[in-house]
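First residue of the sequence shown? That's 555 in my numbering, and the numbers climb one at a time after it. The C-beta atom is built at its ideal place from N, Cα and C for all residues, glycine as well.
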Amino acid sequence: MSKSTQNRRQFISSTGKAGMVLAAMPLMAKITPISSITSMTILTAANEYIQQPLSYGYAALEPYIDAATMEIHYTKHAATYAKNLADAALAEKLDTQTTSLTDLLKNISRYSPKMRNNAGGHYNHEMFWLLMKPAPATAPTSELADAINKNFGSLDNFKTSFGDAAKARFGSGWAWLIVKADNSLAVCSTPNQDNPLMDIAETKGTPILGLDVWEHAYYLKYQNKRPDYINAWWNLVNWEFVQKKYAEAITKK
Ligand code: MN
555 MSKSTQNRRQ FISSTGKAGM VLAAMPLMAK ITPISSITSM TILTAANEYI
605 QQPLSYGYAA LEPYIDAATM EIHYTKHAAT YAKNLADAAL AEKLDTQTTS
655 LTDLLKNISR YSPKMRNNAG GHYNHEMFWL LMKPAPATAP TSELADAINK
705 NFGSLDNFKT SFGDAAKARF GSGWAWLIVK ADNSLAVCST PNQDNPLMDI
755 AETKGTPILG LDVWEHAYYL KYQNKRPDYI NAWWNLVNWE FVQKKYAEAI
805 TKK
C-alpha cells in the first residue's frame, strides 16, 4: 500500500463521516486529483468548499418539496455555485486549504462579486440541505426552545416573524435565524446569495436556520405562491440540526 493510500485509509477510518467522504470523492476529483492528496489536513480543509452528498433522496422531502425541484436545485443550481467558487478561488489565488469558508465570508468585501455570489451560494445551500429532513420533530427542545421563547415570546411568534422576513424579501434571497454577537437571536433576510456572516451584511450574526426564497427553490410546485412554500417548509425543519448550530454559535465566543 502506498503511503498516500494508507493516509487516506487512516483518515477515512478515523472519521464518522466515511460514507460522505467516499461519496464526495468523485466530485473532489474534478478539482483536486485524488492522487495528489497526500495528507489528512489537505483533505479536511478542502472539503467544505466541495458540494457534499445529500443525506436523503430527491423525493424524501415530498410532499412539501417535490423531487424534481430537489434534483434540479441540488445538481444544477447548488452544484454550479460550488464549481464557480472553485474557479473564483483559483482566479483570485484564495488558498482553500488554509482559509475556512467562514473566514472567507467574514472578509468577502475584499473579493470579487463572483466570489461573493458563489461562496455565499455554496455555503447557504450546504447548510440548507442539512437543516431539512423527512419527518423531523415538530418543535425545538432544550436551550434552543428556551432561547426562542425568550427572544420571540413563543415558537409561533418566531415562525411568524421568520415567515414575514421570507415573504418580504423582494426578488431572490434568504430568510435567516441568527445568533448575534451578544448571543441573542434575531430574524433577518439577505438579498441574492449573501448571508449574515458576510462583512457587507446589514445585520450580522451566525446563521443557524435559513430559508431559500429564490424562485428556483419552489416555483415548479408553488409557482407564485411563496407563502404556501414557506408554510409547508416548517414540516421539514431539522430542529436537532438547528439546536446543534445554536450550541456551537454560543460557545464559540
Ligand atoms: Mn437555491
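8 angstroms Cβ cutoff, residue i in contact with chain D
i	result
residue 632	Chain labels in this structure do not include chain D; a single protein chain is all it has.
Under the three-state DSSP convention, the category residue i falls into
i	result
residue 733	strand
residue 796	helix
residue 686	strand
residue 615	coil
residue 663	helix
residue 710	helix
residue 763	strand
residue 727	strand
residue 750	coil
residue 698	helix
residue 781	helix
residue 621	helix
residue 715	helix
Cβ neighbour criterion (16 or more within 10 Å) applied to residue i
i	result
residue 497	Since the first residue of the chain shown is 555 and the last is 807, residue 497 is not available in this structure.
residue 724	exposed
residue 743	buried
residue 635	buried
residue 673	buried
residue 779	exposed
residue 783	buried
Closer than 7 angstroms: residue i CB and nearest the ligand MN heavy atom
i	result
residue 768	yes
residue 771	yes
residue 676	no
Residue i to residue j span [Cα, whole Å]
i	j	result
residue 675	residue 775	22 angstroms
residue 630	residue 801	32 angstroms
residue 883	residue 738	What the structure shows of the chain is the stretch from 555 to 807, and residue 883 is not part of that stretch, so it cannot be assessed.
residue 601	residue 721	33 angstroms
residue 680	residue 606	7 angstroms
residue 616	residue 663	38 angstroms
residue 716	residue 637	30 angstroms
residue 698	residue 658	27 angstroms
residue 584	residue 643	Low per-residue confidence applies at residue 584: pLDDT is 42, beneath 50, and the placement is therefore not dependable enough to give any value.
residue 660	residue 781	31 angstroms
**Message:** Taking contact to mean 3 or more Cβ pairs, one atom from each stretch, closer than 8 angstroms, check whether the segment 734-749 and the segment 770-778 are in contact.
**Reply:** Contact fails between the segment 734-749 and the segment 770-778, because fewer than three Cβ pairs, one in each stretch, are under 8 angstroms apart.
**Asked** If we count Cβ pairs, one from each stretch, closer than 8 angstroms, do we get three or more for the segment 636-652 versus the segment 724-734?
**Response** As far as the Cβ criterion goes, the segment 636-652 does not touch the segment 724-734, which means the pair count is below three.
**Asked** Would the segment 776-794 and the segment 674-693 be scored as touching if the rule is three or more Cβ pairs under 8 angstroms?
**Response** Segments in contact, yes.
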